[in-house]
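Data block below; observations after.
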Amino acid sequence: MRVIYNTKDLLDKIKNIAPTAEAKQTLMILGNLAFNINGNSSHITSSDLEIEVSSSIECDSEGDCTFTLPARKLLEILNALTDHEKVTFTVLESKVDITAGKSKISLPTLPASDFPFMDPIDTENMTSVDNNDLTKIIHKTSFAMAYQDARHFLNGLHLCAQNGKIVSVCTDGHRLAKYVSDINCNDDLSIIIPRKAILEINRILTYFNNNSDNLITYSYSNQNFVIHINDFRIISKLIEGNYPNFNKVIPESTSAEITVDKKTFKTSLNIISKVVNQQYKGVKLTPQNNSMHLISSNTDSEIGEDQIDVKYDGEEISIGFNISYLQDVIDVIDGDSIHICINDQNSGCLLKGNDDPNSIFVIMPMRV
Amino acid sequence: MSRKSKNWKNRKIIHIDMDSFFASIEIRDNPKLKDKPVAVGGKATERGVLTTCNYLAREYGLHSAMSSKKATQLCKDVIILPVDIAKYRRVSAEIFKIFKCYSKKIEPVSIDEAFIDVSDSKYCGCDPEEMARQIRLCIKKDFGLTASAGISSNKLIAKICSDWRKPDNQFCVYDYDISNFIRDVSLKSIPGIGRVNFEKCKNLNMLTCKNMYEQSRSDLVNLFGSYGNILFDLIRGVDNREVKTDRVRKSVSVEDTFLKDLKDINSCLEKISLLYTKLINRCESSNINTGNIKEIFIKIKFNDFEVISRQKKSKCLHIREFENLFNMNVMTITKPIRLLGLGFKICQDEEMSQIDIFNR
Numbered sequence: 001m002r003v004i005y006n007t008k009d010l011l012d013k014i015k016n017i018a019p020t021a022e023a024k025q026t027l028m029i030l031g032n033l034a035f036n037i038n039g040n041s042s043h044i045t046s047s048d049l050e051i052e053v054s055s056s057i058e059c060d061s062e063g064d065c066t067f068t069l070p071a072r073k074l075l076e077i078l079n080a081l082t083d084h085e086k087v088t089f090t091v092l093e094s095k096v097d098i099t100a101g102k103s104k105i106s107l108p109t110l111p112a113s114d115f116p117f118m119d120p121i122d123t124e125n126m127t128s129v130d131n132n133d134l135t136k137i138i139h140k141t142s143f144a145m146a147y148q149d150a151r152h153f154l155n156g157l158h159l160c161a162q163n164g165k166i167v168s169v170c171t172d173g174h175r176l177a178k179y180v181s182d183i184n185c186n187d188d189l190s191i192i193i194p195r196k197a198i199l200e201i202n203r204i205l206t207y208f209n210n211n212s213d214n215l216i217t218y219s220y221s222n223q224n225f226v227i228h229i230n231d232f233r234i235i236s237k238l239i240e241g242n243y244p245n246f247n248k249v250i251p252e253s254t255s256a257e258i259t260v261d262k263k264t265f266k267t268s269l270n271i272i273s274k275v276v277n278q279q280y281k282g283v284k285l286t287p288q289n290n291s292m293h294l295i296s297s298n299t300d301s302e303i304g305e306d307q308i309d310v311k312y313d314g315e316e317i318s319i320g321f322n323i324s325y326l327q328d329v330i331d332v333i334d335g336d337s338i339h340i341c342i343n344d345q346n347s348g349c350l351l352k353g354n355d356d357p358n359s360i361f362v363i364m365p366m367r368v
Numbered sequence: 001m002s003r004k005s006k007n008w009k010n011r012k013i014i015h016i017d018m019d020s021f022f023a024s025i026e027i028r029d030n031p032k033l034k035d036k037p038v039a040v041g042g043k044a045t046e047r048g049v050l051t052t053c054n055y056l057a058r059e060y061g062l063h064s065a066m067s068s069k070k071a072t073q074l075c076k077d078v079i080i081l082p083v084d085i086a087k088y089r090r091v092s093a094e095i096f097k098i099f100k101c102y103s104k105k106i107e108p109v110s111i112d113e114a115f116i117d118v119s120d121s122k123y124c125g126c127d128p129e130e131m132a133r134q135i136r137l138c139i140k141k142d143f144g145l146t147a148s149a150g151i152s153s154n155k156l157i158a159k160i161c162s163d164w165r166k167p168d169n170q171f172c173v174y175d176y177d178i179s180n181f182i183r184d185v186s187l188k189s190i191p192g193i194g195r196v197n198f199e200k201c202k203n204l205n206m207l208t209c210k211n212m213y214e215q216s217r218s219d220l221v222n223l224f225g226s227y228g229n230i231l232f233d234l235i236r237g238v239d240n241r242e243v244k245t246d247r248v249r250k251s252v253s254v255e256d257t258f259l260k261d262l263k264d265i266n267s268c269l270e271k272i273s274l275l276y277t278k279l280i281n282r283c284e285s286s287n288i289n290t291g292n293i294k295e296i297f298i299k300i301k302f303n304d305f306e307v308i309s310r311q312k313k314s315k316c317l318h319i320r321e322f323e324n325l326f327n328m329n330v331m332t333i334t335k336p337i338r339l340l341g342l343g344f345k346i347c348q349d350e351e352m353s354q355i356d357i358f359n360r
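Written out as structure tokens, the structure reads:
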């Protein structure tokens, strides 16, 4: 049976679906994409058992059928076939011939019946969400998600309720980002969406250029989270466990405040970062008398220093930070200036933007 | 200043080592055990090993880390008692309080061993030998336990000395006598020379420190790698290591000896998963910061008691990292596995360390 696609349209879909299927899978079928041809619609799905990403695309087909194809291989082949407007899949018993013009590639298939589709989630009570709100939730906090941390509940983005609004929190144990969104929600919301699902959602939002016309709806149960972004659907298992009490680690009061121009600070950190110790990435900040000294060095005896104007009238103090953590916050904080609120060399410091009332960032110092 | 204090031009360091600590506590608490060979450890039927044994049991050839099964073969009357680590910790904490009366500079080496730097202590006419005697007397009077002490001007010699007249005794080597004393010390007593390195030394006809004096610094580096540099000083009794009061935890590990040997990869992976949970629980209960991990390691002991350990650089403590490390190094099980262990090393760079938000 033959199925004909527009090559570019198919490639665009596969680019966003294939990354979920990892190359090194324990189950071979997880390296494949599942195709479900139903009339003139083709539903394509990838899964890693934790996340399932799928979307539909128009096609010309001679009938209904299902098959699977290796995700990465297919992506490479389609990338090579972009000169051809159409690509034809000829589905045979245990292989699929992919033809475009006079080119033909045969790929063995695995039966679609073996594909581990996730249980369908109740999609009747989907809540819609504004594209900008969702983008901000991810943009403002996801950089602080942990990666493969032993505290598994940190390896994701935590959504909870505060005064009827969705609050997003991420922390990797070294820094924390909290953003209070404008999205209304139930008071009992408390879920942790895995890191990989957040990255997939972000990729698809970026694919649609974070367009405000995007149609986005979501829903969740005790175990799963589902989100529809236009014609893409992402289902993810939720991380089990309780998220730690993040309010406890956000300093309630601080003893001194450094106010620094965001652009100046960014430029200075960028210069210093060229010689930062690649393992620890430590930079030492020493504010004193409306000025701040920055210094970093590495094991090759390379030293970077800078002096920038700030507003600070507290006592001289030297605090070390991971330079990347500071840069990450600068990249997402709104406003021209940043307020760095400190207590001492061992306590978390609070970063706030002058035009960013809904975001709070905490960075723990390094012992330098 | 007493006459004896003239013997001390540099530091004064006491090394206290409790005599068969666990076994002695058990015997103290149950006097019926006195005059009997006693050990503390796991049961012979459950493939346990001895943590310690009293001196009577040692006469039969028993020693710590020996399997309980072998111990009962060597000495059929040996009484093997279960380990009550909570009790030993309580006693240890009380004994350490005695040390604190003599100096603030105390470096715990283990539950039953510590270095005390008494260089600035004015007690006992500034005489470290007298201080050691008093400490041992206090331990005996207050806790009914005996300790051995070594006294010298550096940690290496103090430690060797505490072993010199064991049990319930002490030995002192003054500054001027160190080079004489160390000459005839077995290389086995030098830290860093374990079973493998000692074999290497034996093959080169080097058994005591003086046998190694002909080797230049670079010879030793060629033989033992960068450790050769340290060894060159140690065999001459030179050791400038400070008594560190803030002992930094260097690694954390857990291990388990199995009732039945593991014979396939899957059962090993199952055990790794259990050990991983144990490791994480240990970190949580002991407030160990997992944010500064340098490398992770696995330890495998086969049923013929061969032990291998494999490590890899890793900054995160994820179960997949341990599974990968195991899978990469153990393709097939060539001989049954008796014990598995997991652990990680903590970054010791004191210049920089990231503070954890939940665990300061």
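Just so you know, the sequences run in chain order A and B.
In this text, residue positions in the first sequence follow the numbering used here: the first is 1, and each later residue adds one.
In this text, residue positions in the second sequence follow the numbering used here: the first is 1, and each later residue adds one.
Backbone N, C-alpha and C define an ideal beta-carbon position, used for all residues, glycine too.
Since we're looking at a predicted model, the values are computed, not measured.
- At least one beta carbon of chain B lies nearer than 9 Å to the beta carbon of residue 147/A.
- For the stretch 246-267 of chain A, residues whose beta-carbon sits nearer than 8 Å to a beta-carbon of chain B comprise 249.
- Counting the other CB atoms within 10 Å of its CB gives residue 26/B a total of 16 or more, which places it among the buried residues.
- Interface annotation, residue 326/B: not in contact with chain A, CB-CB separation never under 9 Å.
- In its chain, beyond the 5 residues on either side, 252 have a beta carbon closer than 6 Å to the beta carbon of residue 288/B.
- Contact between residue 134/A and residue 146/A is absent: CB atoms are separated by about 21 Å, not below the 8 Å threshold.
- In terms of Cβ geometry, residue 43/B and residue 115/B do not form a close pair [threshold 9 Å].
- Nearest Cα to residue 116/A within the set 152/A, 71/A, 47/A, 90/A: 47/A.
- At the C-beta level, residue 171/A and residue 329/A stay beyond 9 Å of one another.
- Fully enclosed beta strand (DSSP E) runs of no fewer than 3 residues occupy 251-262 of the stretch 187-264 of chain B, in order along the chain.
- Residue-level contact check: residue 321/B touches chain A, since one or more beta carbons of chain A fall below 9 Å from its beta carbon.
- Here the stretch 194-201 of chain B does not lie against the stretch 43-59 of chain B, with fewer than 3 beta-carbon pairs under 8 Å apart.
- 22/A is the residue among 101/A, 365/A, 299/A, 22/A whose C-alpha sits nearest the C-alpha of residue 73/A.
- Taken atom to atom, the span from the alpha-carbon of residue 69/A to that of residue 108/A is near 7 Å.
- In the same chain as residue 169/B, and ignoring 5 residues on each side of it, the C-beta atoms closer than 7 Å to its own belong to 148, in chain order.
- Annotation: Cβ neighbours of residue 358/B in chain A (cutoff 7 Å, chain order): 173, 244, 249.
- Using a Cβ-Cβ cut-off of 9 Å, residue 355/B counts as an interface residue toward chain A, since at least one Cβ of chain A sits closer than that to its own.
- Taking 9 Å as the cut-off, the Cβ atoms of residue 122/A and residue 236/A do not count as close.
- When the five nearest sequence neighbours on each side are left out, the beta carbons in the same chain lying within less than 6 Å of the beta carbon of residue 99/A are those of 88, in order along the chain.
- Residue 97/A has 90/A, 106/A as its beta-bridge partners, per DSSP.
- CA-CA distance, residue 281/B to residue 151/A, rounds to 11 Å.
- Residue pairing from DSSP leaves residue 86/B without any beta-bridge partner.
- Per DSSP, the continuous alpha helix (DSSP H) segment holding residue 161/B begins and ends at 155-162.
- Here residue 144/A really is in contact with residue 175/A; their C-beta atoms are around 5 Å apart, less than 8 Å.
- Here residue 90/B is exposed. Its C-beta has fewer than 16 other C-beta atoms within 10 Å.
- Using a CB distance cut-off of 9 Å, residue 245/B does not count as an interface residue toward chain A.
- Taking 9 Å as the threshold, the shortest C-beta distance from residue 291/B to chain A falls below it.
- At a C-beta separation below 7 Å, residue 280/B has these neighbours in chain A: 150.
- For residue 128/B, the enclosing alpha helix (DSSP H) begins and ends at 128-143.
- Ranked by Cα distance from residue 203/A, the options 229/A, 318/A, 173/A, 359/A are led by 229/A.
- Residue 57/B sits in a helix when the DSSP states are folded into three classes.
- Chain-order list of chain B residues neighbouring residue 194/A: empty, with the shortest C-beta distance near 13 Å, by a criterion of under 8 Å.
- At a Cβ-Cβ threshold of 9 Å, residue 258/B and residue 298/B do not count as neighbours.
- With fewer than three CB-CB distances shorter than 8 Å, the stretch 125-145 of chain B does not count as touching the stretch 352-366 of chain A.
- Looking only at 49/A, 57/A, 13/A, 15/A, the smallest Cα-Cα distance to residue 3/A is reached by 57/A.
- Contact with chain B is found for residue 362/A, since one of that chain's Cβ atoms lies less than 9 Å from the residue's Cβ.
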